[in-house]
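Asks: Chains V and A, in that order, are what the protein sequence lines are. Per this note's numbering, the very first residue in the first sequence carries number 6; after that it's consecutive. Per this note's numbering, the very first residue in the second sequence carries number 6; after that it's consecutive. Think of the CB as a built atom: it goes at the ideal place given N, C-alpha and C, for glycine as much as any other residue. This is the structure, below, for whatever I ask next.
2 protein chains.
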Amino acid sequence: MKTHALAQTQFLSAQDVATLVAKMGLAAALDRMADYIYADFLRWTDFDKCARVASHSAEGVIELMPVADAKTYAFKYVNGHPKNHLVGLPTVMAFGVLADVDTGVPELLSELTLTTALRTAAMSAVAARTLARPSSKRMALIGNGAQSEFQALAFHYLLGIEEIRLFDTDRAATDKLIANLQHTTLRLIPCASIAEAVRGADIVTTVTADKTNAAILTPELIEPGMHINGVGGDCPGKTELHPGVLLGASVFVEYEPQTRIEGDLQHLPADFAVTELWQVLRGKAPGRTTESQVTVFDSVGFALEDYSALRFVRDVAKELGLGQLLSLIPALPNPKDLFSLVRPALSAASPRQANADAVPLEELVHAA
Amino acid sequence: MKTHALAQTQFLSAQDVATLVAKMGLAAALDRMADYIYADFLRWTDFDKCARVASHSAEGVIELMPVADAKTYAFKYVNGHPKNHLVGLPTVMAFGVLADVDTGVPELLSELTLTTALRTAAMSAVAARTLARPSSKRMALIGNGAQSEFQALAFHYLLGIEEIRLFDTDRAATDKLIANLQHTTLRLIPCASIAEAVRGADIVTTVTADKTNAAILTPELIEPGMHINGVGGDCPGKTELHPGVLLGASVFVEYEPQTRIEGDLQHLPADFAVTELWQVLRGKAPGRTTESQVTVFDSVGFALEDYSALRFVRDVAKELGLGQLLSLIPALPNPKDLFSLVRPALSAASPRQANADAVPLEELVHAA
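Set out below in structure tokens:
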């Protein structure tokens with residue numbers, strides 16, 4: 006009987022994933038994550054897709070992001086609360102699950118706070134490899150918060166970016182980034198303004214956290230041939246790019262129905278043409294076609310990337326022997342006999358005790 | 006600094022909830038669960054509600070059920086796979102999360118397989134207390150699978166049902182139910198047919214698992230004054246009641262937009278009038294008005310009931326000191342410095358190693 010094995014869930018904590026990355030190295034982790042995302046985007050049409058389900062409140066948003074193919078179901082829970090740093094918490098926290106489509110068993114539960122930063126950076130790199138000019142060496146990085154180092158390293162390792170020009174309204178964030186990446190060969194240049202950071206850049210990455218309709222990049226800052234990697238405009242009312250920047254560019258998205266709601270695209274007419282990235286990766290649509298073309302990847306984060314990320318941590322954790330088993334689903338000798346779990350409790354209280362206080366019965370607890 | 010405390014998630018395993026029920030007793034557990042559901046249904050208008058998000062496959066369905074008020078967000082993951090018993094797994098498995106709306110922190114992760122059976126039975130009892138005749142003593146229970154004992158006991162403890170007439174196409178399921186409930190004062194009578202079980206019953210509960218459009222109850226079986234507690238018709242293509250049964254009855258539902266899609270209601274015209282139960286509980290709409298009226302609770306299971314169930318297990322587990330802390334969200338000394346989790350990994354691989362095999366570096370692992 007394989008009941009017990011089937012009903013167990015593999016759990017990866019935040020520390021497990023940190024250990025996983027430490028063991029394989031950040032460069033290899035980002036590279037392999039990008040491979041997983043690329044492979045799944047090539048299978049785009051195999052997936053049952055929907056826009057994520059968001060619950061908005063005054064302080065932020067909580068979202069569920071499900072996706073499935075014929076074999077595996079995945080979902081991510083993720084929040085976005087820009088003021089969280091005031092109480093010592095990350096702006097974005099996440100976890101996710103891989104489940105078996107044939108039985109519904111949740112096979113993996115993993116932290117995704119750290120993993121989301123890795124997957125978002127890897128996704129940006131996958132897009133930029135096909136949309137940025139191959140000769141790109143210099144990037145502007147606007148927003149130097151929790152995700153910024155991951156973006157910097159993904160472009161360094163996977164695209165060969167050598168110089169990054171930094172800007173954040175909080176200079177302490179920029180200093181933290183520089184300190185964190187001091188042992189790399191990246192040239193990191195703090196700038197006094199967005200304009201200074203963007204000037205002469207091959208790629209501009211925006212990854213800011215304010216939940217407002219900002220216009221961090223305006224049309225006069227954009228130079229011919231730039232690739233804009235817009236990461237921080239990712240929910241209704243939260244944008245980073247002036248509409249004029251999109252109007253003057255070729256715009257690429259993950260999943261069009263979701264990006265129309267959440268992306269920088271939200272302020273443009275519904276008939277403004279965009280291209281889904283998977284079509285470029287599959288060779289069904291052109292990516293960059295000229296040196297002078299301005300390209301925008303209006304990235305909001307799509308459930309399929311988390312499916313890839315969960316596959317990645319599951320596979321690597323297995324290779325490295327990380328994680329532990331969690332009893333999230335009961336193991337039942339007879340699956341039709343769920344009641345067997347509480348049978349010892351039946352004689353613990355008669356109907357007349359239904360409204361009385363709980364009576365701790367140690368022998369029942371130990372029998373249960 | 007309270008970072009660490011804030012970022013921790015309370016975890017309740019299937020065994021923890023079984024222990025919780027054993028400690029307080031099943032009667033008290035069902036009674037208190039019903040109190041929680043009732044209290045939350047009275048606050049119906051405080052909640053941000055949506056129909057659940059379902060992913061259907063050949064073998065079953067996987068669903069996410071989110072709901073939130075201004076303070077607390079809840080969601081449940083639940084599957085329905087009728088053939089799971091063939092591989093030793095329950096048909097329905099579930100887990101859920103309570104999160105803080107102001108920060109997005111997942112404060113509780115709990116098993117909900119066992120808990121769902123308790124909450125579904127308690128929900129049925131809450132509905133029947135206002136819809137069934139107060140003199141009800143005899144129930145028919147069609148479908149004697151994993152949820153049946155919980156339904157039997159909820160009606161026994163919370164409504165005073167004394168006799169239950171049982172039918173299942175699998176006689177072994179009925180025998181299991183009788184064995185499980187042998188120590189109660191319930192009179193349990195196995196019947197050879199649905200008609201025999203239903204005849205003379207005050208309440209008819211249907212809780213079958215087949216994912217088909219069945220007509221377990223047909224109009225000629227229905228007697229004046231019956232209350233029908235329809236639990237098993239709960240997703241598109243899965244019904245238990247002949248449309249004629251609904252047409253001849255007053256029909257009550259949890260959340261109308263969801264029940265129109267998933268309930269026995271799915272085969273009726275969109276303008277067939279139904280009443281949401283919360284309106285009856287709040288005194289805004291009539292429930293049963295005559296002795297001879299036939300009432301139907303077309304129950305599909307709504308996210309708010311899981312919100313109540315999660316509140317219930319959280320509160321009782323705290324009182325009883327059950328559960329453990331889980332590191333689902335990383336604790337960061339500086340919340341803007343997510344990179345600190347993987348900083349030790351930075352020097353583990355240079356860009357040139359990005360495609361090389363992972364190099365286990367024990368000292369880095371221990372530092373991480």
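1. According to the Cβ coordinates, are TYR260/A and PHE302/A closer than 7 Å?
2. Rounded to the nearest angstrom, what separates HIS161/V and LEU270/A at their Cα positions?
3. Express the C-alpha separation of PRO224/V and ILE208/V in angstroms, rounding to a whole number.
4. I'd like to know whether the C-beta of VAL212/V is nearer than 7 Å to at least one C-beta of chain A.
5. Kindly indicate if chain A contains any beta-carbon less than 7 Å away from that of THR108/V.
6. Does any residue of chain V bring its CB to less than 7 Å from the CB of MET3/A?
7. Of all Cβ atoms in chain A, is any one closer than 7 Å to the Cβ of THR42/V?
8. Taking 7 Å as the threshold (beta carbon to beta carbon), is PHE307/V in contact with chain C?
9. What is the DSSP secondary structure of ARG192/A, reduced to helix, strand or coil?
10. Are THR14/V and PRO139/V touching if we call contact CB-CB under 7 Å?
11. Where does the unbroken alpha helix (DSSP H) through ILE183/A begin, and where does it stop?
12. Within the same chain, show all residues whose beta-carbon is closer than 6 Å to that of GLY150/V, passing over the 5 residues directly before and after it, in chain order.
13. Reducing DSSP to helix, strand and coil, say where PRO71/A ends up.
14. Verify the CB distance criterion: does SER332/A have a CB-CB separation below 7 Å to chain V?
15. Would you say ALA382/A reaches chain V, if we count a Cβ-Cβ gap shorter than 7 Å as a contact?
16. Could you please give the first and the last residue of the uninterrupted beta strand (DSSP E) stretch that includes MET128/A?
17. Would you mind sorting GLN263/V into buried or exposed? The rule is 16 or more other CB atoms within 10 Å of its CB.
18. Taking the straight line between their C-alpha atoms, what separation do you get for LEU330/V and ASP180/V?
19. Let me confirm a value: HIS90/V is counted as buried when at least 16 other C-beta atoms fall within 10 Å, else exposed. Which label applies?
20. Can you tell me the Cα-Cα spacing of LEU164/A and LEU226/A, whole angstroms?
21. Can you list, in chain order, the residues of its chain whose CB lies under 7 Å from that of MET390/V, leaving out five sequence neighbours each side?
22. So, VAL66/A versus LEU309/A, is the Cβ gap smaller than 7 Å?
23. Taking Cβ-Cβ distances shorter than 7 Å, what residues in chain A pair up with VAL26/V?
24. Please compile the residues from chain V whose C-beta is within a distance smaller than 9 Å of the C-beta of PHE46/A.
25. Against chain A, with Cβ distances strictly below 7 Å, would ALA137/V count as a contact?
26. Classify GLN187/A as buried or exposed, calling it buried when 16 or more other Cβ atoms lie within 10 Å of its own Cβ.
27. Run through DSSP, which three-state label would MET401/V get?
28. Tell me, please, whether the CB atom of ALA354/A is closer than 7 Å to any CB atom in chain V?
29. Is the CB of THR223/V under 7 Å away from at least one CB in chain A?
30. So, is the C-beta of ASN89/V closer than 7 Å to a C-beta in chain A?
31. Could you tell me which chain A residues have their CB closer than 8 Å to the CB of VAL58/V, listed as they occur along the chain?
32. Check whether the Cβ atoms of ALA133/V and TYR312/V lie closer than 7 Å to each other.
33. Using 8 Å as the Cβ pair cut-off and three pairs as the minimum, do the region 119–135 of chain V and the region 281–295 of chain V touch?
34. Using a threshold of 7 Å, state whether the C-beta atoms of LEU119/A and VAL102/A are closer than that.
35. Is the distance from the Cβ of ARG204/V to the Cβ of GLU168/V below 7 Å?
36. So what's ALA350/A in DSSP terms, helix, strand or just coil?
Replies: With the structure as the only source:
1. Cβ distance not < 7 Å, so TYR260/A and PHE302/A don't count as in contact.
2. Straight across, the Cα-Cα distance linking HIS161/V with LEU270/A is about 57 Å.
3. Distance between the alpha carbons of ILE208/V and PRO224/V is about 15 Å.
4. At least 7 Å separates the CB of VAL212/V from every CB of chain A.
5. It does; some Cβ of chain A falls within 7 Å.
6. Nothing in the structure corresponds to residue 3/A, since chain A is present only between 6 and 373.
7. Thr is not the amino acid found at residue 42/V; the sequence shown has Ile there. With its beta carbon at least 7 Å from every one in chain A, ILE42/V lies outside the interface.
8. In the displayed structure, chain C is absent; the protein chains listed are V and A.
9. Residue state for ARG192/A is assigned as strand, using DSSP reduced to three classes.
10. Result no, Cβ atoms of THR14/V and PRO139/V do not sit closer than 7 Å.
11. Residues 176–185.
12. Non-local C-beta neighbours of GLY150/V in its own chain, meaning closer than 6 Å and more than five positions away in sequence, comprise ALA178, ALA214, ordered along the chain.
13. Taken through DSSP and simplified to helix, strand or coil, PRO71/A comes out as strand.
14. Judged by the 7 Å Cβ criterion, SER332/A is in contact with chain V.
15. There is simply no residue 382/A to check, as chain A begins at 6 and stops at 373 in what is shown.
16. Per DSSP, MET128/A belongs to no beta strand (DSSP E); it is in the alpha helix (DSSP H), 118–136.
17. Looking at its Cβ environment, which holds 16 or more other Cβ atoms inside 10 Å, GLN263/V is buried.
18. About 40 Å.
19. HIS90/V should be labelled buried.
20. Distance between the alpha carbons of LEU164/A and LEU226/A is about 23 Å.
21. The requested residue 390/V is not part of the displayed model; chain V covers only 6 to 373.
22. Contact flag unset, no.
23. By Cβ distance, chain A contributes VAL347, ALA350.
24. Ordered by position in chain V, no residue passes the 9 Å Cβ test against PHE46/A, which lies about 20 Å from the chain.
25. The beta-carbon of ALA137/V is placed no less than 7 Å from the nearest beta-carbon of chain A.
26. Burial call: exposed.
27. Residue coverage of chain V in this structure runs from 6 to 373, which leaves residue 401/V outside it and unanswerable.
28. With a pLDDT of 47 at ALA354/A, under the threshold of 50, the modelled position of that residue is not reliable, and no figure is offered here.
29. Judged by the 7 Å Cβ criterion, THR223/V is not in contact with chain A.
30. Output row for ASN89/V: interface = yes.
31. Correct list: CYS55, VAL58, LEU69, PRO71.
32. No.
33. Touching, yes, given that three or more Cβ pairs across the two stretches are closer than 8 Å.
34. The answer is no: Cβ separation not under 7 Å.
35. No, the Cβ-Cβ distance between ARG204/V and GLU168/V is not below 7 Å.
36. If DSSP states are grouped into helix, strand and coil, ALA350/A belongs with the helices.
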